[in-house]
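Peer 1: The sequence shown lines up with residues 3 to 223 when you count with the working numbering.
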Amino acid sequence: MDSSNIRNHNEEEKEVLNNLGLVKSIAARFIGRGVDFDDLVQIGSIGLIKAVRQFDPSRENAFSTYAVPLIMGEIRRYFRDNGPIKISRKIQGELRTIQKYTDEYEKQHGHEPIVDDIVTGTGISYEDVILAMNATAAPISLTPIDEDMEEMAIQDKNAQSPLHALEFYDVINMLEQTEQLLIYLRFIKGLTQTQVAKVLHSTQVKISRLEKKIKQKLKQE
């Protein structure tokens, strides 16, 4: 390998590392779909490498604008080529129970049951009903769908965010179980504070306070 090739390779590697946070940001949207986060990052990195090699700054406005579709495409292709999402046997059993109850409820009442009805009718906890019903849901934005709150470090901010994705996930592992579940429900599954409060058998006010507490933890790390 001559010096020019070595230089190009080093520049490519540097560009990939500098934009790895973008891959983590996109990969996070697919958490809970049966593939480990680290594996999602590796899959998405294939798209990032393609973007680095193909990007033409003279024709594109921003690298992230060009890279996101390629990264997303690699991850979606993986799910498409590897069949249905794998979920635990426990959740599979709960989903069957929920579906059976839902079918019977619809026949009797003419409409689908709400979560409270399913909890009462199946004996499955509110939390487990929510998680089971979302196990095969499509990935959504990590930004909460309602209530004013600053975005919490997961989205690409042109590499200027004080909390990059890698740092975020390092901190997440240090949070208490309830705090991790709150993050999952709010920012991965998009539940409102009121909905999360029901899942955690709490109140909207307490959930709001806990969010602020978590946010402070993330800022301190």
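Beta carbons: idealized from backbone N, C-alpha and C, even for Gly. Since we're looking at a predicted model, the values are computed, not measured.
Pick out whichever of 81, 76, 54, 79 has its Cα sitting closest to the Cα of residue 2.
Peer 2: Since the displayed the chain opens at 3 and closes at 223, residue 2 lies outside it and no answer follows.
Peer 1: Kindly indicate which three-state DSSP category residue 124 falls into: helix, strand or coil?
Peer 2: Of the three classes helix, strand and coil, the one that applies to residue 124 here is helix, per DSSP.
Peer 1: Can you give the Cα-Cα distance for residue 79 and residue 49, rounded to whole angstroms?
Peer 2: Cα to Cα, residue 79 sits roughly 11 angstroms from residue 49.
Peer 1: Does DSSP put residue 113 in a helix, in a strand, or in coil?
Peer 2: Residue state, collapsed to three classes: coil.
Peer 1: Please look up how many angstroms separate the CB atoms of residue 206 and residue 195, rounded, as I've assumed it's under 8 angstroms.
Peer 2: Residue 206 to residue 195, Cβ: 5 angstroms. Contact.
Peer 1: Within 10 angstroms of the Cβ of residue 91, are there 16 or more other Cβ atoms? Answer buried if so, exposed if not.
Peer 2: Residue 91 comes out exposed.
Peer 1: Considering only C-alpha positions, which residue in the set 200, 203, 184, 202 is nearest to residue 214?
Peer 2: Of the listed residues, the one whose Cα sits closest to residue 214 is 184.
Peer 1: Spatial neighbours of residue 114 within its chain, please: CB distance less than 8 angstroms, with the 5 preceding and 5 following residues excluded, ordered by chain position.
Peer 2: Closer than 8 angstroms at Cβ, skipping near neighbours: 104, 107, 108.
Peer 1: Provide the residue span of the alpha helix (DSSP H) that contains residue 68, from first to last.
Peer 2: Here the alpha helix (DSSP H) through residue 68 covers 65-83.
Peer 1: I need the straight-line Cα distance from residue 210 to residue 186, nearest angstrom please.
Peer 2: Approximately 15 angstroms between the Cα atoms of the pair.
Peer 1: Given a threshold of 16 other Cβ atoms within 10 Å of its Cβ, counted over all protein chains shown, does residue 76 qualify as buried or as exposed?
Peer 2: Label assigned to residue 76: buried.
Peer 1: My guess is that residue 269 and residue 96 are in contact by the Cβ rule of under 8 angstroms, so how many angstroms apart are they, rounded?
Peer 2: Beyond the ends of the chain as shown, which are 3 and 223, falls residue 269; an answer cannot be given.
Peer 1: What separation, rounded to the nearest whole angstrom, lies between the Cα atoms of residue 58 and residue 21?
Peer 2: Answer to the nearest angstrom: the Cα atoms are 16 angstroms apart.
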